[in-house]
Each structure stands twice: as structure tokens, then as C-alpha cells.
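S.K.: Same order as they appear, the protein sequences are chains E, F, B and X. Counting from 1, position 123 in the first sequence corresponds to residue 107 in this note's numbering; the numbering is continuous, with no gaps. Counting from 1, position 91 in the second sequence corresponds to residue 75 in this note's numbering; the numbering is continuous, with no gaps. Counting from 1, position 141 in the third sequence corresponds to residue 125 in this note's numbering; the numbering is continuous, with no gaps. Counting from 1, position 28 in the fourth sequence corresponds to residue 12 in this note's numbering; the numbering is continuous, with no gaps. Glycine included, every Cβ here is placed at the ideal spot set by N, Cα and C. Owing to the predicted nature of the structure, the values given are computational and were not obtained by experimental measurement.
Protein chains: 4
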Amino acid sequence: MAKLTFLGLGAMGAPIARHLAGAGHDVTVYNRTRAKAEAWVDAHGGRLAPTPAAAAEDADAVFSCVGADGDLEAVTLRKDGCFAAMKKGALFVDHTTASAKIARQLAVEGKDRGLLVVDAPVSGGQSGAEAGTLSIMCGGSDKAMAAATPLMQAYSSRIVHIGGPGAGQTTKMVNQICIAGAMQSAAEALRFAQNADLDLDKVFEAVSGGAAASWYMLNRWKTMSEDSFDFGFAVDWMRKDLSIAIEEARSNGAALPFAALADQFYGEAQALGCGRLDISSVVKRLPKT
Amino acid sequence: MAKLTFLGLGAMGAPIARHLAGAGHDVTVYNRTRAKAEAWVDAHGGRLAPTPAAAAEDADAVFSCVGADGDLEAVTLRKDGCFAAMKKGALFVDHTTASAKIARQLAVEGKDRGLLVVDAPVSGGQSGAEAGTLSIMCGGSDKAMAAATPLMQAYSSRIVHIGGPGAGQTTKMVNQICIAGAMQSAAEALRFAQNADLDLDKVFEAVSGGAAASWYMLNRWKTMSEDSFDFGFAVDWMRKDLSIAIEEARSNGAALPFAALADQFYGEAQALGCGRLDISSVVKRLPKT
Amino acid sequence: MAKLTFLGLGAMGAPIARHLAGAGHDVTVYNRTRAKAEAWVDAHGGRLAPTPAAAAEDADAVFSCVGADGDLEAVTLRKDGCFAAMKKGALFVDHTTASAKIARQLAVEGKDRGLLVVDAPVSGGQSGAEAGTLSIMCGGSDKAMAAATPLMQAYSSRIVHIGGPGAGQTTKMVNQICIAGAMQSAAEALRFAQNADLDLDKVFEAVSGGAAASWYMLNRWKTMSEDSFDFGFAVDWMRKDLSIAIEEARSNGAALPFAALADQFYGEAQALGCGRLDISSVVKRLPKT
Amino acid sequence: MAKLTFLGLGAMGAPIARHLAGAGHDVTVYNRTRAKAEAWVDAHGGRLAPTPAAAAEDADAVFSCVGADGDLEAVTLRKDGCFAAMKKGALFVDHTTASAKIARQLAVEGKDRGLLVVDAPVSGGQSGAEAGTLSIMCGGSDKAMAAATPLMQAYSSRIVHIGGPGAGQTTKMVNQICIAGAMQSAAEALRFAQNADLDLDKVFEAVSGGAAASWYMLNRWKTMSEDSFDFGFAVDWMRKDLSIAIEEARSNGAALPFAALADQFYGEAQALGCGRLDISSVVKRLPKT
Ligand SMILES: NC(=O)C1=CN([C@@H]2O[C@H](COP(=O)(O)OP(=O)(O)OC[C@H]3O[C@@H](n4cnc5c(N)ncnc54)[C@H](OP(=O)(O)O)[C@@H]3O)[C@@H](O)[C@H]2O)C=CC1
Ligand SMILES: NC(=O)C1=CN([C@@H]2O[C@H](COP(=O)(O)OP(=O)(O)OC[C@H]3O[C@@H](n4cnc5c(N)ncnc54)[C@H](OP(=O)(O)O)[C@@H]3O)[C@@H](O)[C@H]2O)C=CC1
Ligand SMILES: NC(=O)C1=CN([C@@H]2O[C@H](COP(=O)(O)OP(=O)(O)OC[C@H]3O[C@@H](n4cnc5c(N)ncnc54)[C@H](OP(=O)(O)O)[C@@H]3O)[C@@H](O)[C@H]2O)C=CC1
Chain E
-15 MAKLTFLGLG AMGAPIARHL AGAGHDVTVY NRTRAKAEAW VDAHGGRLAP TPAAAAEDAD
45 AVFSCVGADG DLEAVTLRKD GCFAAMKKGA LFVDHTTASA KIARQLAVEG KDRGLLVVDA
105 PVSGGQSGAE AGTLSIMCGG SDKAMAAATP LMQAYSSRIV HIGGPGAGQT TKMVNQICIA
165 GAMQSAAEAL RFAQNADLDL DKVFEAVSGG AAASWYMLNR WKTMSEDSFD FGFAVDWMRK
225 DLSIAIEEAR SNGAALPFAA LADQFYGEAQ ALGCGRLDIS SVVKRLPKT
Chain F
-15 MAKLTFLGLG AMGAPIARHL AGAGHDVTVY NRTRAKAEAW VDAHGGRLAP TPAAAAEDAD
45 AVFSCVGADG DLEAVTLRKD GCFAAMKKGA LFVDHTTASA KIARQLAVEG KDRGLLVVDA
105 PVSGGQSGAE AGTLSIMCGG SDKAMAAATP LMQAYSSRIV HIGGPGAGQT TKMVNQICIA
165 GAMQSAAEAL RFAQNADLDL DKVFEAVSGG AAASWYMLNR WKTMSEDSFD FGFAVDWMRK
225 DLSIAIEEAR SNGAALPFAA LADQFYGEAQ ALGCGRLDIS SVVKRLPKT
Chain B
-15 MAKLTFLGLG AMGAPIARHL AGAGHDVTVY NRTRAKAEAW VDAHGGRLAP TPAAAAEDAD
45 AVFSCVGADG DLEAVTLRKD GCFAAMKKGA LFVDHTTASA KIARQLAVEG KDRGLLVVDA
105 PVSGGQSGAE AGTLSIMCGG SDKAMAAATP LMQAYSSRIV HIGGPGAGQT TKMVNQICIA
165 GAMQSAAEAL RFAQNADLDL DKVFEAVSGG AAASWYMLNR WKTMSEDSFD FGFAVDWMRK
225 DLSIAIEEAR SNGAALPFAA LADQFYGEAQ ALGCGRLDIS SVVKRLPKT
Chain X
-15 MAKLTFLGLG AMGAPIARHL AGAGHDVTVY NRTRAKAEAW VDAHGGRLAP TPAAAAEDAD
45 AVFSCVGADG DLEAVTLRKD GCFAAMKKGA LFVDHTTASA KIARQLAVEG KDRGLLVVDA
105 PVSGGQSGAE AGTLSIMCGG SDKAMAAATP LMQAYSSRIV HIGGPGAGQT TKMVNQICIA
165 GAMQSAAEAL RFAQNADLDL DKVFEAVSGG AAASWYMLNR WKTMSEDSFD FGFAVDWMRK
225 DLSIAIEEAR SNGAALPFAA LADQFYGEAQ ALGCGRLDIS SVVKRLPKT
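(1) What is the rounded straight-line gap between the Cα of residue 132 of chain E and the Cα of residue 86 of chain X?
(2) Tell me, which residues are paired with residue 78 of chain F by DSSP?
(3) Look at the alpha carbon of residue -13 of chain B and the alpha carbon of residue 12 of chain B, and state the distance between them as a whole number of angstroms.
(4) What whole-angstrom Cβ distance do residue 166 of chain B and residue 166 of chain X have, given they're in contact under 8 Å?
(5) Just grab the DSSP bridge partners of residue 123 of chain B for me.
(6) Given the structure, does residue -8 of chain E come close to ligand 1, in the sense that its CB is under 7 Å from one of the ligand's heavy atoms?
(7) Is any heavy atom in ligand 1 found nearer than 7 Å to the beta carbon of residue 49 of chain E?
(8) Give me the Cβ distance between residue 7 of chain F and residue 24 of chain F, rounded to the nearest whole Å; I'm assuming they're in contact under 8 Å.
(9) Would you say residue 250 of chain F faces chain E, with C-beta separation under 8 Å as the test?
(10) Could you work out which residue in X:176, X:161 and X:178 is closest to residue 246 of chain X when comparing CA atoms only?
(11) Below 8 Å between beta carbons: does that hold for residue 198 of chain B and residue 170 of chain B?
(12) At 3 residues or longer, what runs of the beta strand (DSSP E) sit wholly inside the segment 125 to 200 of chain F?
(13) Report the residue from B:222, B:229 and B:235 whose alpha carbon sits nearest the alpha carbon of residue 220 of chain F.
(14) Considering only the alpha carbon of each residue, which of F:222, F:240, F:189 and F:218 lies closest to residue 206 of chain F?
(15) Check the DSSP bridge columns for residue 10 of chain X and list the partner residues they point to.
(16) By DSSP, does residue 270 of chain B sit in helix, in strand, or in coil?
(17) Pull up the distance between the alpha-carbon of residue 31 of chain B and that of residue 51 of chain B, whole angstroms please.
(18) Just confirm the distance between the C-beta atoms of residue 138 of chain E and residue 120 of chain E, as a whole number of angstroms; I'd bet it's less than 8 Å.
(19) Taking the DSSP output, what are the residues bridged to residue 42 of chain F?
(20) Smallest Cα separation from residue 53 of chain X: which of X:83, X:191 and X:66?
(21) Name the chain X residues whose beta carbon is nearer than 7 Å to that of residue 175 of chain B?
(22) Report buried or exposed for residue 252 of chain E, applying the criterion of at least 16 other Cβ atoms within 10 angstroms of its Cβ.
(23) Go through the segment 218 to 249 of chain E residue by residue and report every complete run of the beta strand (DSSP E) that reaches 3 residues or more, in order.
(24) Would you call residue 29 of chain F buried or exposed, if buried means 16 or more other Cβ atoms sit within 10 Å of its Cβ?
(25) Using only the heavy atoms of ligand 2, determine whether one of them is closer than 7 Å to the beta carbon of residue 2 of chain F.
(26) Please confirm whether any heavy atom of ligand 1 lies closer than 7 Å to the CB of residue -3 of chain E.
(27) Any heavy atom of ligand 1 closer than 7 Å to the Cβ of residue 105 of chain X?
(28) Examine the Cβ distances between the segment 147 to 160 of chain B and the segment 112 to 130 of chain B and report whether three or more of them are shorter than 8 Å.
(29) Tell me whether residue 34 of chain X is buried or exposed, calling it buried when 16 or more other Cβ atoms sit within 10 Å of its Cβ.
(30) Check residue 4 of chain F in the structure and name its three-state DSSP category.
(31) Any heavy atom of ligand 2 closer than 7 Å to the CB of residue 224 of chain F?
(32) Is residue 59 of chain F a contact residue of ligand 2, with contact defined as CB to any heavy atom under 7 Å?
(33) Would you call residue 78 of chain X buried or exposed, if buried means 16 or more other Cβ atoms sit within 10 Å of its Cβ?
(34) Quick check on residue 211 of chain F: does DSSP put it in helix, strand or coil?
(35) Just verifying my parser: in three-state terms, what is the DSSP assignment at residue -7 of chain E?
Right, here's the structure in full:
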């Protein structure tokens, strides 16, 4: 069994790290807010370390799942970050949803230090993390993937090696772009049906089996109709993710009219106090008569 | 077996009528362009009539599947339309995607004449019509539904009685509103992935199983990547349908920002010559680098 | 002096008719709600008639300014409409903002009856009507324009003959399309400035003289900043006008993404109770922090 | 007369620096591409220096007008940047359109070094710079403004002190947000008019005097109608500016649906090869029938 380090025990990181411990690995954790690390060690064993660097010493592999680019930089490249402390030949796997730019930068910095680096954003949400059924979209060398895959199998049902460094993050952007329109249109459709006084269950029965179907339609129609939003994937995260995708599109020449507009509508949802609610709360900005 | 009439032997009407004949009913057909009616009778038997009125005389039930509101009015209420010729107690089922307003008007006119009327737009496309697996969303009285259901079972896998007159059409609008964003976002996502030089098959493998999934993503990702659009649901029809939905929203107070914007983008697709191509051809207006 | 008829004494029609009376013409008025016609006659003289037809008998010219297509049809072509009653060679001038289609239809029907017809939508608002400084964009024959121009000079500062029947209405659509984006962007800019805690007067001073300037920015910045909306051009009218333009674009092949989106945002404004307020009230749907 | 330094002799910087020299000041210039600096000195006198630091030594005031945030950082804070070389009490005025964040950062860094700092983005374009009639929107302390104002008067017709550090840049964002919708709607309106076969000059005559008027409508209607775009304010710059504004809105809580959508449409214009053309070239993406 391997000696592993996990940085960032948030909603996603904590259950992922648990699956790694459950698979028999020796796991050292670090979390900025120490109490979370203590609670995790109490529940799942292993050790905690006071800094990413301390946590990473001697590890075979270091995993991270923090917030955004700046946070990822903080736990890797800045003072007390893990990169300087990692041993040659060790593996670094990042599950944060971040930019392709930082993924590529970490790959370069890692190469200089003899590290194997994989950018590995996930989809499946907190429930997928808890159940160990995440989809992981990966960027990195074949060698890095060969090292990472057996470890990631502890918590995923699908691992796809897309391409070189950054390809995992770019694929996650594709994922979020798809969501933007499907979610908004499901919201528009639901409100339209409500305003038309249709029986929402019957409408769902009639339209959910065909071309109108989307994950968001199938999984959020009922909850939207009940004004229930306190779960799922947060608007704040979605704005971060769309901002990353829109920024990337500036350099690859793609146009994203719906994603850009959805991003603004999520901004309106934030203003309505929905920042930490599921993105289906964007329905709240649509008039109900 | 019943004595049935079918008005409008287009891409949808012809196979639906065939399933009715195949179920053993005695079918009289009418088509504006007579040659199509002749070809249909040659292939499937039955009789043809020169006008909707002539076709409807003595029928137990009359079905229609024509283009839009004006066409529906032409085959029902105007000179030589079927309504004046139908016998008391007969059933009228309309499969056209039209406005809820005309559906309600036909219900009222039908009531005056002692007819049972169902607005019954379908989803499933031409392939669903051929296979006899359409989803039908219905508006009308219980009595009308009781008469229509056994007949419609010949070509559908799902029949949902949503509510009173117009409820079928309104539900079809919900369906098209859902499609608007899912389709556009799948197109944006595909172009973004192309511009980012990602392996499209691998991206599909990574994102198609989760929250990014939609019918359009699952069924059009590959065809869009092959620039193949000569099949499916035509842009011209989609514009008609979105125009109906946007118009309805004016009266029920719903806001449809994505549907309205999608409608304009389909207009841009029409200008690129995609009017009769599948709506996934909207991807053509997105820059490819 | 001429014998004139005016149909529709609303916010626009009443002052226009007053200018015609003030120019010395003999004016007979009709208004659906009789009380308004009585009040007008009390104030400005002339006669009132119980129907458009009765009002139009023997008139040299008939003017109308009603709501939308259906209303225009009601006062012209339907039972008791003016067309049947007008004498040969008489002039019909319509100031309603309506579709180009009905304008062309009236031109055709008018021709059959030997009437001269001008579609003549206006801009300048109620204040322009009161002041007699409207801009009039006209469609019709040269002969019809020659007859209409001297009469319209009583209440306009600019009269432009754009082209044949319908060209006036189509030009009014151009006008409303321009407004759509300028208004929304002025609203976005104002809210952005408020949220950034900038001194709004100084911002106005800095940006109003250059490329950011628009009529809406110049005339609504201050009122928006004071949450004052009870004046000006109503959201309900704007939705009607945008709907006409979007419909027209379906047939002339233009794409109107901003106008279509603005139309939906005005729908959201209506849901906030702004239907009868100035269109700058669309700022209300933008978050203020 | 003062000893001045000018960093960045581009389309805007060169004429601004010329006005300063013309006002009798002793001007030292720096330009990354040395040839431009040589040409400027040949034409207008003064001296050139090989680095921003060298250029700034002993100057009473340093002006800059470079590309974007990163460029501004390069000429100020990085190695050979001017900040380290400037004498205590000297003034720094930046005319770059950049983020409010870097403006505030320069103000803080400047304060530490005893410098007076003004963020002073301009509007008026290259022609305004040539003519010396720029509008300048300023952020900084009263003391810094007192020092900057007499110098800036050499090339501006309007100088507004909006507020503290960053307020100039934030006001420039307000300016660009206003432009986004006015420009796009003028483009939609023009194409609509073309597709409707209207006489464009007459339409302009009819609509340009009222509520449809905007700077872009007044100044770009004719050029768009002639497909002339090789002048004015470049699409590439506009994308940078909108990106800054959209980013700022993320933190101040404003929603910018039109600006965000316009940004994407400018991206489509870039893909059509319009990056260096005037932003009115966005009309090219609209179908012409
Ligand atoms: N939630 C979801 O459904 C999904 C989330 N993701 C992505 O996964 C990532 C994590 O999300 P989630 O777990 O929900 O987020 P949480 O907010 O629950 O957790 C974030 C974790 O990152 C740590 N962290 C953040 N910033 C820093 C920093 N500067 N230095 C050190 N540690 C830091 C936090 O530490 P502390 O405890 O001290 O705050 C915490 O452990 C994000 O990129 C998100 O977009 C991807 C798919 C789904
Ligand atoms: N195609 C699809 O995938 C789907 C289509 N629909 C809807 O089904 C309806 C029919 O579509 P589809 O079959 O594809 O269309 P087609 O164009 O293939 O057929 C239209 C039929 O209507 C007839 N028709 C049209 N106008 C008139 C009129 N004024 N008077 C008499 N007959 C008329 C046509 O006659 P003629 O032969 O003389 O032209 C033809 O038989 C539409 O409302 C469409 O939106 C719904 C779901 C999916
Ligand atoms: N208000 C403005 O700033 C501008 C308005 N316009 C356009 O001018 C037109 C009139 O606007 P405005 O005067 O403000 O509207 P108002 O609502 O004030 O007046 C409408 C007038 O039309 C009459 N009317 C409406 N429907 C019918 C009908 N079916 N039969 C008979 N009479 C009818 C009304 O009669 P009753 O009194 O019985 O209701 C009333 O006299 C509209 O098309 C509008 O878009 C154009 C530019 C500016």
C-alpha cells in the first residue's frame, strides 16, 4: 500500500480521502482550517500535518482538492507548498476545478522537479464523491496516468485520459458549458409550465423520455417545482467554473454566448442570495405568475 | 375496426397513417399535394379524397398532421375543411405542433358541432413516427381521450393526458424550450472542444455519463463532429415552434431569455442555408479555429 | 381648411388631433370610450361620432392612432370601420405603431376603394405629441404623401417619406431595435456604477459626451438613479413593438439577438409590475448591492 | 515647464505625448519597440530612454499608455519599471484602460514610495488624442489631481475627477458597458433595414433625431452601410475592456447580460478576422439577405 497525502478536506476532498484510506493506504492529510483535518483523522485514522509541505514529505503521491487557481498555487508552489517537499518520482494529482493554464504550469514545474503530474477535475458532485463514483477527466503523461489510475479507482466509476497537461481541466470546461444551457432551459421550461397552470408531474412524464431530456431536467424538475435548492452544485462554484471556461475561450477562439449569459444569470441568482444553493436556484429569477 | 381519416401525409403524417392502416382500420387520406396521397394509397391501401371535407364524411375519427396554425385552420374550419363534414360524436385528433390558441378554438368549434377534440402534438421525430414509438402530449376532455387513446396506441409508446384543450400544445412548448438550451450548449461545448484540440471521442466518454448529459449531447455530439446535419428535426420547424412558445409566454407571463436567443441563432442558421437541416446545424454559426 | 376625422384619442391621438383643430381644420372625432371623445370636444370644439364609419363620412382625410394591429383592423376594415364609409379620393393616415403587413393590407384595400393611404408611425413620445414636434416615418405613394404632408406639419418637426406602403412601419421597427440595446446597456451601466459606489453625477459628466452617449443614457440616467419611472414610453408598448419587429425579422431574414433578449427582459419588468412605466424601469431587474 | 516622461507611444500615447511636448514641456519617451521612440523624437524633439526606469529618473511626472494590466505592471513595478526610479513627490498618470485592481495597487505602491498616482483612462479615440480633445475620467487623491490636471489640459476637453484610486478605471468600464448595447443594436437595426430593402439614408434621417439616437448610430450607420471598418476602436481592445468590466462585476455584484453577450459576439467578429477593425464590424456576423 502507498503512502499518500491529501490536501483540502472540503465537501469533495474529505470523502475522496476517506475512500483512499478505506482502500488501505497510509494517508496524511492537511487542511487550512485545522479542525476539519482533526475531525477527519478522528474518523478515518491516518495523520495530519500542519502545512502542505510537511504533509507531502516522503509521500508516494499527493492529492489536492481545493477551491480555485490561487488556492491551488498556495498549496503547491508558494511557501510551505507541497512541490518543494515532494520526493523525486512522486505523483501529484489535482482534483480542483481550475484553469488549464495552472494545470500546465504545475506540469512544467513538476517536470523540473522530477514529479509526475495529473490534472484530474471530477464530475459527479458531493454525492458521487461520497459514493466513490466520480467521473474523472485527466490531463497528463501516460506515465503519470499509469501511476494515478489505480489509486483513483478507489473513488471513481469512470476515468478518462483525455490528453496532455491541461486536457483534464479543458474537458471539465466542456462539461460546464453543456450544463449552462441545459440547466437554464430546464428552469425556463418549468416556470413556463407553472405559469401555464399545467400539471407538472404529467408534463414531466410526457417530455422526460425524449429529446427534451437532460440530466438537469431529469434530476431538478421536481426539486425546482418544490422550491428546494439546499443541496447539489453551488452557484458560486458554477460562476467560478464558467469564468474559467469563458476565459479559456478567449484564447482558443470559441464563442460561448449561452455560457456567458448563463454566467450573468447566475450572478443575478447570487444577488438573490443563492450563492451556496444548487444552480437550479437560477429558476428563482424567472417570474412566476 | 374504425373508419378513419388522415389529413396531411408529410414526414410525420404518412408513417402515422400507415400504423393506423396496419392496425386494421379503414383509412381515407387527404393530402394537399395529391401525388403523396396516391403514393400512400398505392403502398398501404385505403382510399383518397380530394378535400378534407370529402375525406371526413362518415368517419369515426379524423386525424391531422399539417404544418402550422394557418394550415390547421385550412384543413378544419375553412371552406372544404373537415369540421363541417364530420358526423356528430366523431373524434378529431390533431398531431400538428401548433398554438394552444387554435387548439382551444378547435375544441370550442368542435363542441358546438358535437365533436370530440384532442390536441395531440408528438415528440420522437420522423424516426419515432416510422417506428411507432412517439410520445404524445394531449389536451382535451376525458371523453375525447378515452376515444383517442386506443387508436393512438398504434403508433406511440407514451400517451399522456395533460389537461383540457390546449394543454397538449402547451406541453409541447415546454419540450421545445428544454431543447433550446441543451442543443445550443452542446454545440458551444463541441466547438470549444474542437478549438481546444481535444480528442472528441474521449471528451464524450468523459462527460456524457454525468450532469452534462442531454439527449442532444448524447445524440448529436458525434454527428456535429462529422459536420453531418442532413436528418433529424429541421431548423425551420424549430423556429416555428419557438415562435409559438415565445408568443404563448407573452400571455402567461413567463420569461424565456434562452429560448428567445436560441430562436435568433436558428435564424442565423437559416441564413447559412440550414433551414431544412437538423437543428444541430446551429453549431455552424460558431467559429472554428 | 379641410374636413378631418380622428380615430383614437389616447395619449398620442388626443394631442395630435388638438394640433389639427388648432390649425383651423374642421375635426370630427371618434373614441371607443365615448367619455374621452366628449372631453376632447368640450376642450377643442369639433364634433364626435358614435362609430369610425359615422366619423369618416364625407371627410377629406381620416387619421387614426390606436393600439395594435387588431385595433387598427377594428377601426378600418371591420363592421363600422371607416374604410367602407370614406369617400373616393380621401386620405387615410395611420399613426399607430403596427405591423408592416397590416399597413400593406390597408394600402391594398384602400387602393380598391380609391383611397390614398399612408402608414405613418411616429417617434417623440407623448411630450412630442403635446409639443407638436413628432418625427414621422412614412410609407405610401407620392400622391398620398403629397396629400398627407401639409396636414401632418401641424404636429411634427420631421416628416420622412421612406418608401412604399409598410416602409413607415418597418422604419419604426428599426427605431425600436436601436432603442433595445441602448436602453438595456444604459441600465446595466447605471447599476454597475451604483454597485461600484461611484458618484453618479460625475460619471455622467465624464461619459455622456462621447461614444457612450445615447438618447436613453442622456435622458434616463438621472431618472433611473432616482428610481423614477412614472412617465415616458411604456414597457407594454415596447413589448408590442419588439414583438412586431421580431416577427418581421422572421420574414426578412434579419437576426435580432439583442432585441429578442431585451424583449424577454421587458417581460421580466412587466412581471415586476412595470408594464405601464417607462422602459427605463427595466433597470429594476438588475441587482443592486 | 516640467520635466516629463511618457511610456508607450502607440496610437494613443504618441499624440498625447506630442501635445505635452507642444505645450513646452521637456519630454523623455520610452517605447518597447525602440523604432517608434526614435521616430517620435525625430518628429517632436525631446529624448528617448532605453527603459521605463531610465526614462523616469528625475522626472516631475511620468505618464503611461500601454496595453493591459500585464503591460502596465511591466512598465511600472517589474524590473526596469519606472516606480523604483521615480523621485519622491513625483506624479504618475496612467492612461491605459486597465483594471481597477491594478489602479488601486499602483496607488498603494506609489504611496509607499511618496508618489502621487492617478488612474486616468480616456475616451475619444485616436482622433480625440490627435485633436487633443480627450475626455479623461480620473481616480486618485485631490493632491494628485491638482498636480495632474494642468498637464492633462494640453490634450483634453473634459477632465472629471470621479473619486479615489480605481474610480477612473471603473468609470471607463461604465463607458464601455454603455457602448456594448448601443453598438450591437445599431448593427442589428442597420442589417434589419438592409434586409427590408429600405433606403438607408432616409431611415437615418427619420430615426437619428430621436430616442433611437446613440453615438454609434450617429457615427457608424453610414460606414456600416458601406462595409467600411478600417478605422476607429478595435474589436480586440473592446474585448479586453469588456473582459475587465465583466470581471469587475463579479466582485461588485452587478449583472451585465448584454455586455457579456456582446463580448461573445465580438469574439465571433474576431473569428471573422475583424480583431483590428472598428467594433462596428460586429455587424458582419449578422445575416444579410
Ligand atoms: N462541490 C461539488 O459538487 C463539486 C466541486 N468541485 C470542485 O472541487 C473543488 C473543491 O470543492 P468543494 O470540496 O465543494 O469545496 P469546499 O469549499 O467544501 O472545500 C474547499 C477546500 O479547499 C481548501 N482551501 C481552499 N482554499 C485554500 C487555500 N488557499 N489554501 C489551503 N486550502 C484551501 C479549504 O480549506 P478550509 O477548510 O480551510 O476552507 C477546503 O478544504 C472546487 O474546485 C470545486 O469547483 C468539482 C465537482 C463537484
Ligand atoms: N418532422 C419532425 O421531426 C417533427 C415534426 N412535428 C410537427 O409535425 C407537423 C408536420 O411535420 P412534418 O410531417 O415533418 O412536415 P412535412 O412538411 O413533411 O408535411 C406537412 C404536411 O402538411 C400538409 N400541409 C401543410 N400545409 C397545408 C395546408 N395549408 N393545407 C393542407 N395541407 C397542408 C403538407 O401537404 P403537402 O404535401 O401538400 O405539402 C404535408 O402533408 C409540424 O407541425 C411539425 O412541427 C412534430 C414532431 C417532430
Ligand atoms: N405613448 C407613446 O409614447 C408612443 C406611442 N406610440 C404608439 O401610438 C399608438 C397609441 O399609443 P397611445 O396613444 O400612447 O395609447 P393609449 O392607450 O393612450 O390610446 C390608445 C387609443 O386607441 C384606442 N383603441 C385601442 N384599441 C381600440 C379598438 N380595438 N377599437 C377602437 N379604439 C381602440 C383607445 O380607445 P379607448 O380610449 O377606448 O381605450 C385609445 O383612444 C400605439 O400604437 C403606440 O405604440 C408611438 C410613439 C410613442
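M.R.: The answer reads as follows:
(1) Cα to Cα, residue 132 of chain E sits roughly 40 Å from residue 86 of chain X.
(2) Residue 78 of chain F is bridged by DSSP to F:48 and F:103.
(3) Rounded to the nearest angstrom, the two C-alpha atoms are 8 Å apart.
(4) Rounded to the nearest angstrom, the Cβ distance from residue 166 of chain B to residue 166 of chain X is 4 Å, consistent with a contact under 8 Å.
(5) Bridge partners of residue 123 of chain B according to DSSP: B:103 and B:147.
(6) Set against 7 Å, the gap from the CB of residue -8 of chain E to the closest heavy atom of ligand 1 is smaller.
(7) Yes - ligand 1 has a heavy atom lying nearer than 7 Å to the Cβ of residue 49 of chain E.
(8) The pair is not a contact, with the Cβ atoms about 16 Å apart (cut-off 8 Å).
(9) So no, residue 250 of chain F is outside the interface.
(10) By alpha-carbon distance to residue 246 of chain X, the top candidate from X:176, X:161 and X:178 is X:161.
(11) Yes, Cβ-Cβ distance for residue 198 of chain B and residue 170 of chain B is below 8 Å.
(12) Runs of the beta strand (DSSP E) lying entirely within the segment 125 to 200 of chain F and spanning at least 3 residues, in chain order: 140 to 147.
(13) It is B:235.
(14) For the set F:222, F:240, F:189 and F:218, the Cα lying nearest the Cα of residue 206 of chain F is the one of F:189.
(15) The secondary-structure analysis by DSSP pairs residue 10 of chain X across a beta bridge with X:-13.
(16) The three-state secondary structure of residue 270 of chain B, taken from DSSP, is coil.
(17) Distance between the alpha carbons of residue 31 of chain B and residue 51 of chain B is about 23 Å.
(18) Taking 8 Å as the upper bound for CB-CB distance, residue 138 of chain E and residue 120 of chain E are not in contact here, some 11 Å apart.
(19) Beta bridge pairing from DSSP links residue 42 of chain F with no other residue.
(20) Scanning X:83, X:191 and X:66 for the CA closest to the CA of residue 53 of chain X turns up X:83.
(21) Residues of chain X with a Cβ closer than 7 Å to the Cβ of residue 175 of chain B are, in chain order, 238.
(22) By the beta-carbon neighbour count (other beta carbons within 10 angstroms, threshold 16), residue 252 of chain E is buried.
(23) Entirely contained in the segment 218 to 249 of chain E, not one beta strand (DSSP E) run reaches 3 residues.
(24) By the neighbour-count rule (16 or more Cβ atoms within 10 Å), residue 29 of chain F is not buried but exposed.
(25) Residue 2 of chain F: no, Cβ never under 7 Å from ligand 2.
(26) With a threshold of 7 Å, the Cβ atom of residue -3 of chain E counts as near ligand 1, since some heavy atom of the ligand is closer than that.
(27) Outside the cutoff, so no.
(28) Yes, since at least three Cβ pairs between the segment 147 to 160 of chain B and the segment 112 to 130 of chain B fall closer than 8 Å, the two stretches touch.
(29) When all chains shown are included, residue 34 of chain X counts as exposed.
(30) Helix.
(31) Yes; taking the cut-off as 7 Å, the Cβ of residue 224 of chain F has a heavy atom of ligand 2 nearer than that.
(32) Indeed, a heavy atom of ligand 2 lies less than 7 Å from the Cβ.
(33) If you draw a 10 Å sphere on the C-beta of residue 78 of chain X, you find 16 or more other C-beta atoms in it, and that means buried.
(34) Note: residue 211 of chain F maps to coil in three-state DSSP.
(35) Annotated three-state conformation of residue -7 of chain E is coil, per DSSP.
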